[in-house]
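Down below is the structure, laid out as structure tokens.
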Amino acid sequence: MAGLNSELPPLLVTRGLAFGYDEHGMFRDLDLCLRPGTGLVLCGSNGSGKSTLLRLLAGLLLPDSGSIERAIEHTTGEPVALAWHGHHLGLKTGLSVIENLRWSGGMHERRRRMTPASALETVGLDGFEHVPTRELSAGQRKRVALARLLLSPAPLWLLDEPYANLDPRGAQLVDRLIGHHLRNGGSVVLSVHRPDQAAFEGPRQLLDLDALP
2 MAGLNSELPP LLVTRGLAFG YDEHGMFRDL DLCLRPGTGL VLCGSNGSGK STLLRLLAGL
62 LLPDSGSIER AIEHTTGEPV ALAWHGHHLG LKTGLSVIEN LRWSGGMHER RRRMTPASAL
122 ETVGLDGFEH VPTRELSAGQ RKRVALARLL LSPAPLWLLD EPYANLDPRG AQLVDRLIGH
182 HLRNGGSVVL SVHRPDQAAF EGPRQLLDLD ALP
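Here you go:
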């Protein structure tokens, strides 16, 4: 997409990325360029490599070949931070909702953009602060994990099927959060079963892994 985004240096670049479990390869020679304020929607059938690609971008897997580069943060000289939201939400079920956010958000306390209580209100869980996480439904736990994203200052979000286990209102919430993050100069890579699931506002690229050679 032409305009301001095309003039900004990319947050994430892959060159010649290859990964596969057999001689055919899950994908090969994959070049991506994601600039601030832009989303990348990954779609494809089960087993097409959506989650694998996200794990590669997160550094949880190593590629067979090729490179993955994140922009350098000027103040630290380190690659820009990323926030991961996967199938395993990483919540501590023995803690309350607010304790989970305080525990996970403590490392970002100086740079976070809102308080844990404000994040819960944003995701529609105000009043749930002291509810044990183990008592929440799957959709409510997903909302707690989304609130945790809001506490992270990371400009790059990697979201593996963020619409799963959410009702229509929850899906609309995900779209609003992604749209807000893009408007503030962040970038998002997310996986979906169908492209029309991702109804967020903002520029995007679409990568259909089933269509790769």
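Residue numbers (this note's numbering): 2 to 214.
Note that the Cβ used here is the ideal one computed from N, Cα and C, for glycine as well.
Tell me which residue opens and which closes the beta strand (DSSP E) that residue i is part of.
i       : result
His-86  : 83 to 86
Ser-49  : Segment: none, Ser-49 is in no beta strand (DSSP E) and carries neither H nor E.
Asp-209 : 205 to 209
Asp-197 : Where Asp-197 is concerned, there is no enclosing beta strand (DSSP E), given that its DSSP letter is neither H nor E.
Leu-217 : Absent from the structure is residue 217, since the part of the chain shown begins at 2 and ends at 214.
Asp-32  : 28 to 35
Apart from the five residues on each side of it in sequence, which residues of its chain come closer than 8 Å, Cβ to Cβ, to residue i?
i       : result
Pro-102 : Before going on, a small fix: residue 102 reads as Leu here, not Pro. Closer than 8 Å at the Cβ level, and outside the excluded window around Leu-102, lie Pro-117, Ala-120, Leu-121, Val-145, Ala-148, Arg-149, Leu-152.
Arg-135 : Thr-94, Gly-95
Asp-127 : Ala-118, Leu-121
Met-115 : Thr-123, Leu-151, Leu-152
Gly-40  : Ile-179, Leu-183, Ser-188, Val-189, Val-190, Leu-191, Ala-199, Phe-201, Gly-203, Pro-204, Arg-205, Gln-206
Trp-104 : Lys-93, Leu-96
Val-81  : Leu-12, Arg-71, Ala-72, Ile-73, Glu-74, Ala-155, Pro-156, Leu-157
Could you round the C-beta distance between residue i and residue j to whole angstroms and report it? I think they count as a contact, below 8 Å.
i       : j       : result
Leu-13  : Ser-138 : Incorrect: roughly 33 Å between the Cβ atoms, too far for contact.
Leu-58  : Ile-69  : 6 Å
Leu-167 : Gly-140 : 5 Å
Under 6 Å Cβ to Cβ from residue i, same chain only, skipping five residues before and after it: list those, please.
i       : result
Leu-208 : Leu-43
Gln-198 : Tyr-164
Phe-17  : First, the residue type needs correcting, since residue 17 is Gly and not Phe in the sequence shown. Contacts found: Asp-30, Gly-67.
Phe-28  : Gly-50, Leu-213
Phe-1   : Residue 1 lies beyond the stretch modelled for the chain, which goes from 2 to 214, so this question has no answer here.
Gly-171 : Gly-140
Asp-176 : Ala-200, Phe-201
How is the alpha helix (DSSP H) around residue i delimited, first residue to last?
i       : result
Glu-122 : 117 to 123
Leu-12  : Here Leu-12 belongs to no alpha helix (DSSP H), and DSSP marks it neither H nor E.
Gly-140 : 139 to 152
Leu-126 : Taken as a continuous stretch (DSSP letters only), Leu-126 belongs to no alpha helix (DSSP H), as it is neither H nor E.
Gly-180 : 169 to 184
Buried or exposed for residue i, going by 16 or more other Cβ atoms inside 10 Å?
i       : result
Ile-73  : exposed
Thr-15  : buried
Arg-195 : exposed
Ser-49  : buried
Pro-156 : buried
Leu-63  : exposed
Leu-61  : exposed
Gly-91  : exposed
Gly-4   : Since pLDDT at Gly-4 reaches only 41, below the 50 mark, its modelled position is unreliable, and no value is offered.
Arg-142 : buried
Ile-99  : buried
Gly-78  : exposed
Between which residues of its own chain and residue i is the CB-CB distance below 7 Å, once the five residues before and five after are set aside?
i       : result
Met-2   : Any answer about Met-2 is weak, because its pLDDT of 38 lies below 50 and its placement is not dependable; what the coordinates show is given next. Answer for Met-2: Pro-204, listed in chain order.
Asp-161 : Ser-52, Leu-55, His-86, Gly-87, His-88, Ser-192
Pro-11  : Cys-34, Leu-35, Arg-36, Ala-72
Pro-214 : none
Leu-9   : Arg-36, Pro-37
Asp-65  : Ala-19, Phe-20, Gly-21
Asp-211 : Gly-45, Ser-46, Ser-49
Val-132 : Ser-97, Val-98
Uninterrupted beta strand (DSSP E) stretches inside the region 59 to 103 (no shorter than 3 residues): 66 to 71, 83 to 86
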